[in-house]
Amino acid sequence: MVVVVVLGSACGAATGTSGAHRARHPSVPTTTSSTTTTTTTPGPPVTGVRWAPCQDGLQCGSVAVPLDYFTADSPTVEIAVARHPAEDPAARVGSLVINPGGPGGSGIDDLPSELSVLTPGLLQRFDIVSFDPRGVARSSPVTCGESGSAADQGLIPDPAPTTAAGQHTLLANDQDYAQQCEKASSGLLPFVGTVDVARDLDRIRAALGDAQLTYIGHSYGTLLGLTYAQMFPTHVRSMVLDGVIDPAESTQQMVTDQAVGFENILNQFFGWCRSSGCAWQEGPDPLHSLLSLNTKLVSAPIPAGSGRQAGPGELLTAVLSALYTQSGWPRLATALAQAENGNGAQLVSMTDAYNTENGPNAVDADNAVSCLDHPAPRDLTDYPQLASGAGAQAPFFGPALMWGLLQCSVWATPPTRTPAPVTAQGAPPILLVSSSGDPATPHQWAESVESELAHAALVTWQGSSHVAYYYSACVRSIDQAYLLDGTLPANGTMCSD
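Be aware that the sequence shown starts at 5, since it is given in the numbering used here, and climbs by one per residue.
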């Protein structure tokens, strides 16, 4: 799965945090530091999970948690959990809980993919556990109904409007979507932020019978892990965070960093296209060609079949979705070539796949969580200047990703997390992993977090894909040694496979 801290626009275009923090498997970002002093009301007693067989050979159950941790008589939410039992029960260490990214993606649906890449040592000695966070899939999902927005009619509004009319169209679309979410999920929306999910994670740990948490977090899962370690440092046994989000960064800076990261990979795509003779004949200045195509689609969206159209929103989402791994580049080249010839079918297909890959409510949940986690500017008049500044650093992605924050400026519930450094004082050393060229969670975020944490080591994989574990045997070996017996690599260790 994935987050763009890009706070997603109502239609699920990658114009906000929607999507960039999902960790993708190869086809073969309330409170932060202050949470430790916050007093909550005890929830229902924690009982062991009653496991029963379910899909994909897994065992499934649920853990009851309070919807509102600060209200004594709060209703409860059942958090769906699933596990793959340790393959060598006699050597079992405990449970290894995985959050694959998001927000908005189902950990249960993702679990078979995680099992396919975990090392034998981990499979043998841990119950491998994942869960659907509150507001997601099987755990009281956030739903936003049918908004009647432009997106529901088959066209995403211009994600980077440069005219007053375009800006107000985007604003109206976002307002309509926010109102529909409030109407359909008003009782849930204030309680789906990462701070509350971290509290749920501690109840899951207790329900599993583990005195301390062993955890892997990818992408958005790193923000969850860091939040947990700050709130419950002595409850951590070991924690691997791969594709690291920096909780201290402002939302605007996170978006700018991501835009620059994706722009860097876009330039690599241009170079590959030129050297390989790809399907897209981009000309001597590929960025100019792409921006020209975008301008054409703003003026006149192109047909995409079945009554659908492709405009600048579909172009943005398709390009972003293809840049997580190099395996997506050939399809992107074909989609761009077809779009140049007036056929938007591939752009729409790639957009649909990106927006639905994490489940039917993934976009709604992503927006709901992101708007609680990442405070956004509330004044519409700020956005043209913010977009221009981001565009100066990342001409294709910058303006659209910055305008994507507009969705959260009209959200019904205020943020519950304040950007602040995480020290996790009292926790054992945390293992951070980062790809040197990761576009969605740039490497400098991992470097910042390493400097902020009381005890941590950073391993860097020399690659351009999001989340190193899926691509590097070197990283997988280091992770296994650390998770099994606490062997921490030297800070600054490099993997180049």
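Just so it is clear, CB atoms sit at the ideal spot from N, CA and C, and this is done for glycine as well.
Item: Which of helix, strand or coil DSSP assigns to residue 197; Value: coil
Item: Test item: CB-CB of residue 314 and residue 352 under 7 Å; Value: yes
Item: Meets three-Cβ-pair contact criterion under 8 Å: the segment 243-256 and the segment 296-312; Value: no
Item: Local Cβ density within 10 Å of residue 138, reported as buried at 16 or more and exposed below that; Value: buried
Item: Spatially closest choice to residue 371 from 466, 179, 336 and 482, by CA coordinates; Value: 179
Item: Inter-stretch contact at 8 Å, needing at least 3 Cβ pairs: the segment 255-266 / the segment 281-290; Value: no
Item: Per-residue DSSP class, three states only, for residue 32; Value: Reliability of the predicted coordinates at residue 32 is poor, the pLDDT of 29 falling under 50, and the value obtained from them is presented with this limitation in mind. Correct three-state label for residue 32: coil.
Item: Collapsed DSSP secondary structure at residue 298 in the structure displayed; Value: helix
Item: Simplified DSSP assignment, three categories, for residue 403; Value: helix
Item: C-alpha distance - residue 90 paired with residue 217, whole-angstrom precision; Value: 16 Å
Item: Cβ neighbour criterion (16 or more within 10 Å) applied to residue 38; Value: Since pLDDT at residue 38 reaches only 37, below the 50 mark, its modelled position is unreliable, and no value is offered.
Item: Option nearest residue 477 by Cα separation, candidates 260, 124 and 298; Value: 124
Item: Residue nearest to residue 237 in terms of C-alpha spacing, selected from 322, 223, 247 and 219; Value: 219
Item: Cα-Cα separation between residue 2 and residue 85, rounded to whole angstroms; Value: Any property of residue 2 remains undetermined from this structure, which presents the chain solely from 5 to 501.
Item: Beta-carbon separation (whole angstroms), residue 438 vs residue 470, contact threshold 8 Å; Value: Wrong, their Cβ atoms sit about 10 Å apart, outside the cutoff.
Item: In DSSP terms, what residue 68 is bridged to; Value: 82
Item: Residue interval of the beta strand (DSSP E) (run including residue 148); Value: Neither: residue 148 is in no beta strand (DSSP E) and is coded neither H nor E.
Item: Length of the line joining the Cα atoms of residue 60 and residue 118; Value: 12 Å
Item: Burial state of residue 483, where buried means 16 or more other Cβ atoms lie within 10 Å; Value: buried
Item: CB of residue 160 within 7 Å of CB of residue 317, strictly; Value: yes
Item: Inter-residue Cα distance where the pair is residue 431 and residue 229; Value: 12 Å
Item: C-alpha gap between residue 199 and residue 376, whole angstroms; Value: 9 Å
Item: Option nearest residue 487 by Cα separation, candidates 244, 275 and 149; Value: 244
Item: Option in 385, 426 and 416 with minimal Cα separation from residue 406; Value: 385
Item: Backbone secondary structure at residue 307 - three-state DSSP; Value: strand
Item: Within the segment 434-463, ranges of the beta strand (DSSP E) (whole runs, at least 3 residues); Value: 434-439
Item: Where residue 248 falls, given that 16 or more other Cβ within 10 Å makes a residue buried; Value: buried
Item: Residue 205 beta carbon less than 7 Å from that of residue 99; Value: no
Item: Straight-line gap, residue 417 to residue 188 (C-alpha atoms, nearest Å); Value: 14 Å
Item: Whole-angstrom distance between residue 267 and residue 319, CA atom to CA atom; Value: 14 Å
Item: Alpha carbon of residue 291 to alpha carbon of residue 400, nearest angstrom; Value: 8 Å
Item: Distance CB(residue 287)-CB(residue 293) smaller than 7 Å; Value: yes
Item: Proximity of residue 165 and residue 174 at Cβ, strictly below 7 Å; Value: yes
Item: Whole-angstrom distance between residue 141 and residue 110, CA atom to CA atom; Value: 6 Å
Item: Delimiting residues of the beta strand (DSSP E) encompassing residue 241; Value: 240-246
Item: Spatial distance of residue 128 from residue 275 (CA atoms); Value: 43 Å
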